[in-house]
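Trainee: Below is the structure I would like to discuss, written out as structure tokens.
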Amino acid sequence: MIRRAHGQHRFESTHIDMVPMVDCIMVLVIFLMVSSSFVNDPGVEVQKPDVVGALSSEQNALLIAIAADNRIWFDGQEIRTDQVATVLKQAAVGRSPSLIVRGDQASSLGVFAQVYTEAKRAGIKQVQFATARTEGP
Numbered sequence: 001m002i003r004r005a006h007g008q009h010r011f012e013s014t015h016i017d018m019v020p021m022v023d024c025i026m027v028l029v030i031f032l033m034v035s036s037s038f039v040n041d042p043g044v045e046v047q048k049p050d051v052v053g054a055l056s057s058e059q060n061a062l063l064i065a066i067a068a069d070n071r072i073w074f075d076g077q078e079i080r081t082d083q084v085a086t087v088l089k090q091a092a093v094g095r096s097p098s099l100i101v102r103g104d105q106a107s108s109l110g111v112f113a114q115v116y117t118e119a120k121r122a123g124i125k126q127v128q129f130a131t132a133r134t135e136g137p
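For the sequence shown, the working numbering assigns the number 137 to the last residue and increments by one with no breaks.
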């Protein structure tokens, strides 16, 4: 009897319990969903903000202001649209500055577009538009 028990081989099947692994994956998925942030795109809200804010802290930036009556100001002097490119070229000699355009809420979008076009023609690679930050709900 001892011989027979010794001669027989018993095969045991191995069993992998998947439940703990699925539980861990679900906890990770829930954690990632809760901790991720989603961007709230404002959609079609196009009301131009009031831009009475402070100047940029960037020292290498040039500043152009557009008044409510669509007059363009650079360095304390009023300039015409066709002068923007030449004035920016002269001010940017020997450096590659960015341009910050500050515009009044009542100014025309066409003037913004003309200033942007002239700045690109002058070789300014980075053109930014200053806006005031509004606190949302």
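All residues carry an ideal CB built from backbone N, CA and C; glycine is no exception.
Based on the DSSP secondary-structure assignment, which residues constitute the bridge partners of residue 74?
Mentor: Counting from 1 along the sequence shown, the entry for residue 74 is found at position 74. According to DSSP, residue 74 bridges with 64 and 77.
Trainee: Residue 102 and residue 62: beta carbons closer than 8 Å?
Mentor: Here residue 102 corresponds to residue number 102 of the sequence shown, with the count starting at 1. Here residue 62 corresponds to residue number 62 of the sequence shown, with the count starting at 1. No, the Cβ-Cβ distance between residue 102 and residue 62 is not below 8 Å.
Trainee: Is the beta carbon of residue 111 less than 8 Å from the beta carbon of residue 119?
Mentor: By one-based count along the sequence shown, residue 111 stands at place 111. By one-based count along the sequence shown, residue 119 stands at place 119. No, they are not a contact pair.
Trainee: CB-CB under 7 Å to residue 71, same chain, minus the five flanking residues each way: which ones, in chain order?
Mentor: Here residue 71 refers to the residue found at position 71 of the sequence shown. The residues are 78.
Trainee: Three-state secondary structure (DSSP) at residue 94?
Mentor: In the sequence shown, counting from the first residue as 1, residue 94 sits at position 94. If DSSP states are grouped into helix, strand and coil, residue 94 belongs with coil.
Trainee: Assign residue 110 to one of three DSSP states: helix, strand, or coil.
Mentor: Here the question's residue 110 lines up with position 110 in the sequence shown. Residue state, collapsed to three classes: helix.
Trainee: Quick check: the Cα distance between residue 20 and residue 26, rounded to an integer number of angstroms?
Mentor: By one-based count along the sequence shown, residue 20 stands at place 20. By one-based count along the sequence shown, residue 26 stands at place 26. CA-CA distance, residue 20 to residue 26, rounds to 10 Å.
Trainee: Could you tell me which of 106, 98 and 105 sits nearest to residue 116, measuring between CA atoms?
Mentor: Translated into positions along the sequence shown, residue 116 becomes position 116. Looking at the Cα atoms, 98 is the closest of the given residues.
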